[in-house]
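Notes follow the structure.
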Amino acid sequence: MDYHSEFRRSIAQPTDFWREQAEQIEWIEPPKTIWTPTDNGHGQWFPDGVLNSSYVALDANILAGRGDQTALIYDSPVTSTKRAYTYQELTDAVALFAGALTARGISKGDRVIIYMPMIPEAVIAMLGCARIGAIHSVVFGGFASHELAVRIDDAKPKALITASCGIEINRVIEYKPLVDKAIEQADHKPDSCIVYQRPQANAELHPGRDFDWNESVAAATPADPVPVKSTDPLYILYTSGTTGKPKGVVRDNGGHAVALTYSMKLVYDANPGDVYWAASDVGWVVGHSYIVYGPLFAGCTTILYEGKPVKTPDAGAFWRVVQDHGVNLLFTAPTAFRAVRKEDPEADHLSRYDVSSLKRIFLAGERLDPPTYDWLNEHTNLPILDHWWQTETGWAICCNPVGIEMMKTKPGSATVPSPGFNVQVVGMNGRQMPAGEQGQIAVKLPLPPGCLLTVWGDDARFQKSYLEPIPGYYSSGDGGFIDDDGYVFIMGRTDDVINVAGHRLSTGEMEEVVASHPAIAECCVVGAHDDLKGQVPVGLVLIKDGATIDHDELEDELVEMVREKIGAIACFRRAIVVDRLPKTRSGKILRRVIRQIADGERYTVPSTIDDPAILDEISEHFRG
Numbered sequence: 001m002d003y004h005s006e007f008r009r010s011i012a013q014p015t016d017f018w019r020e021q022a023e024q025i026e027w028i029e030p031p032k033t034i035w036t037p038t039d040n041g042h043g044q045w046f047p048d049g050v051l052n053s054s055y056v057a058l059d060a061n062i063l064a065g066r067g068d069q070t071a072l073i074y075d076s077p078v079t080s081t082k083r084a085y086t087y088q089e090l091t092d093a094v095a096l097f098a099g100a101l102t103a104r105g106i107s108k109g110d111r112v113i114i115y116m117p118m119i120p121e122a123v124i125a126m127l128g129c130a131r132i133g134a135i136h137s138v139v140f141g142g143f144a145s146h147e148l149a150v151r152i153d154d155a156k157p158k159a160l161i162t163a164s165c166g167i168e169i170n171r172v173i174e175y176k177p178l179v180d181k182a183i184e185q186a187d188h189k190p191d192s193c194i195v196y197q198r199p200q201a202n203a204e205l206h207p208g209r210d211f212d213w214n215e216s217v218a219a220a221t222p223a224d225p226v227p228v229k230s231t232d233p234l235y236i237l238y239t240s241g242t243t244g245k246p247k248g249v250v251r252d253n254g255g256h257a258v259a260l261t262y263s264m265k266l267v268y269d270a271n272p273g274d275v276y277w278a279a280s281d282v283g284w285v286v287g288h289s290y291i292v293y294g295p296l297f298a299g300c301t302t303i304l305y306e307g308k309p310v311k312t313p314d315a316g317a318f319w320r321v322v323q324d325h326g327v328n329l330l331f332t333a334p335t336a337f338r339a340v341r342k343e344d345p346e347a348d349h350l351s352r353y354d355v356s357s358l359k360r361i362f363l364a365g366e367r368l369d370p371p372t373y374d375w376l377n378e379h380t381n382l383p384i385l386d387h388w389w390q391t392e393t394g395w396a397i398c399c400n401p402v403g404i405e406m407m408k409t410k411p412g413s414a415t416v417p418s419p420g421f422n423v424q425v426v427g428m429n430g431r432q433m434p435a436g437e438q439g440q441i442a443v444k445l446p447l448p449p450g451c452l453l454t455v456w457g458d459d460a461r462f463q464k465s466y467l468e469p470i471p472g473y474y475s476s477g478d479g480g481f482i483d484d485d486g487y488v489f490i491m492g493r494t495d496d497v498i499n500v501a502g503h504r505l506s507t508g509e510m511e512e513v514v515a516s517h518p519a520i521a522e523c524c525v526v527g528a529h530d531d532l533k534g535q536v537p538v539g540l541v542l543i544k545d546g547a548t549i550d551h552d553e554l555e556d557e558l559v560e561m562v563r564e565k566i567g568a569i570a571c572f573r574r575a576i577v578v579d580r581l582p583k584t585r586s587g588k589i590l591r592r593v594i595r596q597i598a599d600g601e602r603y604t605v606p607s608t609i610d611d612p613a614i615l616d617e618i619s620e621h622f623r624g
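So in full-length UniProt numbering, spot 207 of the sequence shown is number 207, and the numbers just go up one at a time.
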């Protein structure tokens, strides 16, 4: 079946389509009802099905004869450590830790916050929670105490799981003092805290509340998988909210397992035994979907990498991992390869490694700019595949459906809607926009399986944030257009559209032009307040390592390029050379904060920021 036939069937006959996909996973009680509507038009998938996500990820693979296959590879350049687990070994470790949780009084429906670095115990903790029906909420290790406290008060966990430390480039970050301070600040107090002691730091344990991981596991009895309803929550994952209060995205068990299993074939063409590497962090949705659950649902070998794209030890880090573990499929964010390209513009490090095992490279998390696409394509000669999705959806809204058919790639496009996602572009009045015209990207309800059920403890916020802006649709908050071939182009958040003298212009389109300059490694364009025109675009640019060009000359060239490609109407007249851009730990550029700095407004330092000090540097540039 070709893509267009499968897509049409998913929209016209969703019940039959998703019934077939549901047959691809192991249920304890297969669903008889595939979808049931709810008052908000969103609905529930497989409401009468019963399963266990840990069982689908682990035990089912053993039953399929993959017990001796490697399930998880841990690669940590920051500690010079490598470790591998077979499916049997990982299942045993998860069952034992699940037993340790049970011994602490944790059971089905209880919440557990996991505040861990990128170590196997983080994966074991997630799957251990899933095994007993507890709801895990992973908080990125190293988050500030206040932000952790906010999440403790929102999720009200019965237990918190942490490690003694995380390890960044050339520094050790002790986690336990951050956890202790967060628990002290929080109104809700977890009953217990399980601590994994790493050799790089020893955490002080509080008698009666804190328990050593190894001692807890040594005293535990392995736990069997607990049956849960398809619609029971598997996890809560917090994403930034416009009010400053994080939104807890709730993911179900059944729809999640079905959707991710389908996506592993559709989006990645991953097969049992393939070595799959999502170079992300378990604190983000990519880590949930494609480090932990998706690859294991599909019988793949998944890689857990405790390192960076550069400086651990150099810009060849990714290629080394591909060579050492025979990686077949690599998925990361464009920002990772922009960092590699900046330090190694001619891809000299790539030639040092044998990456012949690699079949495809996938990118998501932010818009894949054409210069990064072209650089990867030129130096690897591999398919470079963009796809677009969100924390809320859990898997790709748009992709190149290589598991059905490889479609022509168009730089700047996430290709076509995934089956199940009825993607449309609508104007401010909610009417569908003609091909080629920009508007808001929305998905006609109901959403397919795997997407968020609600916002934890605040269904009204779920309605207001996602369903009310465009009645009958899920509002993505992203803007873009669909071309005559049905290809979707995501141009950035709708709040990244600026209004210059009454003309609505896309900063993403300007970034595309600026990034095409041969001296530019990475850039960001934001709209700054202007008394005359309302807003004018300002560019922040990073110069490639080794590139030498006068800054004034570079600014003149960029201004001329934007004028030529977009027109004088863009009023692009300022490009500031910076050493780095403010980003979240997942690599997204903090455009809203940059815009607030440019306008001289007060701003809140986001909890997700990688390095707060950079905001002072950006402020200096604008003051200068």
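Note that CB positions come from ideal geometry on N, CA and C, so glycine has one too.
Legend entry - CA-to-CA distance, D459 to S619, given in whole angstroms: 38 Å
Inset, instruction - Please state whether DSSP places F143 in a helix, a strand or coil. - result: coil
Inset, instruction - Can you tell me which of the three DSSP states V78 falls into? - result: coil
Legend entry - Proximity to F362 [Cα-Cα], best of P383, R352, H349: P383
Legend entry - Proximity test, G49 beta-carbon vs the ligand MN heavy atom, cut-off 7 Å: This structure does not include the ligand MN; it has no bound ligands of any sort.
Inset, instruction - Note down, in chain order, each residue of its chain lying with its Cβ closer than 8 Å to the Cβ of D191, except the 5 sequence neighbours on either side. - result: R104, G105, K158, A159, R209
Inset, instruction - Could you confirm whether any beta carbon from chain D is found closer than 8 Å to the beta carbon of D269? - result: Reference to chain D is not applicable here, since this structure consists of a single protein chain.
Inset, instruction - Measure the alpha-carbon distance for V513 versus G65 and round it to whole angstroms. - result: 51 Å
Legend entry - Own chain, CB closer than 6 Å to Y196, minus 5 neighbours either side, in chain order: E121, A163, W213
Inset, instruction - Let me know if F206 comes out buried or exposed under the rule of 16 or more other beta-carbons within 10 Å of its beta-carbon. - result: Here residue 206 is His; the residue named in the question, Phe, does not match the sequence. Exposed, by the Cβ-count rule.
Inset, instruction - Enumerate in chain order the residues of its own chain whose CB-to-CB distance from K410 is below 6 Å, with the five nearest sequence positions on each side excluded. - result: Y487
Inset, instruction - Hey, could you find the ends of the alpha helix (DSSP H) D484 is sitting in? - result: D484 -> no alpha helix (DSSP H), and no H or E assigned at all.
Inset, instruction - Give me whichever residues DSSP pairs with S357 in a beta bridge. - result: Looking at the DSSP assignment, S357 forms no beta bridge with any residue, so it has no partner.
Legend entry - Under the three-state DSSP convention, the category T312 falls into: coil
Legend entry - Beta-carbon proximity list for P345, same chain, < 6 Å, skipping 5 on both sides: K544
Legend entry - Beta-carbon proximity list for A521, same chain, < 7 Å, skipping 5 on both sides: R338, R341, K342, L542, I543, K544
Legend entry - Identified DSSP bridge partners for P537: G527
Legend entry - Nearest to H621 (by Cα), restricted to the options M406, S476, I597, D374: I597
Legend entry - Inter-residue Cα distance where the pair is Y85 and L368: 33 Å
Inset, instruction - Assign A442 to one of three DSSP states: helix, strand, or coil. - result: strand
Inset, instruction - Please list the segments of the alpha helix (DSSP H) lying wholly inside the region 315-369, counting only runs of 4 or more residues, in order along the chain. - result: 317-325, 334-343
Inset, instruction - With H387 as the anchor, note down where its beta strand (DSSP E) starts and where it stops. - result: Counting along the chain, H387 falls outside any beta strand (DSSP E), and DSSP gives it neither H nor E.
Inset, instruction - Please name the residue, chosen from T239, M264, E306, that lies closest to V249 on a Cα-to-Cα basis. - result: T239
Inset, instruction - State buried or exposed for A435, treating a residue as buried only when at least 16 other CB atoms are found within 10 Å of its CB. - result: exposed
Legend entry - Rounded straight-line distance, which links the Cα of W277 to that of M118: 14 Å
Legend entry - Residue burial classification, R623 (beta-carbon count within 10 angstroms, cutoff 16): exposed
Inset, instruction - From the DSSP output, read off the bridge partner residues of H188. - result: Looking at the DSSP assignment, H188 forms no beta bridge with any residue, so it has no partner.
Inset, instruction - Could I get the ranges of all uninterrupted beta strand (DSSP E) runs contained in the region 106-144, with 3 residues as the minimum, in chain order? - result: 111-115, 135-138
Legend entry - Residue(s) in a DSSP beta bridge with L72: Y85, T302
Inset, instruction - Identify the continuous beta strand (DSSP E) that holds L260 and give its terminal residues. - result: Premise fails: L260 lies in the alpha helix (DSSP H), 254-266, not in any beta strand (DSSP E).
Legend entry - Bridge partner(s) assigned by DSSP for Q432: V426
Legend entry - Cβ-based burial, P246 [other Cβ within 10 Å; buried from 16]: buried
Legend entry - Backbone secondary structure at T243 - three-state DSSP: With a pLDDT of 49 at T243, under the threshold of 50, the modelled position of that residue is not reliable, and no figure is offered here.
Legend entry - CB of G99 within 8 Å of CB of A220, strictly: yes
Legend entry - Extent of the continuous beta strand (DSSP E) run through T574: In the sequence as presented, Thr is not what sits at residue 574; that position holds Arg. From DSSP, the beta strand (DSSP E) with R574 extends over 574-577.
Legend entry - Through-space distance from G41 to A570, alpha-carbon basis: 40 Å
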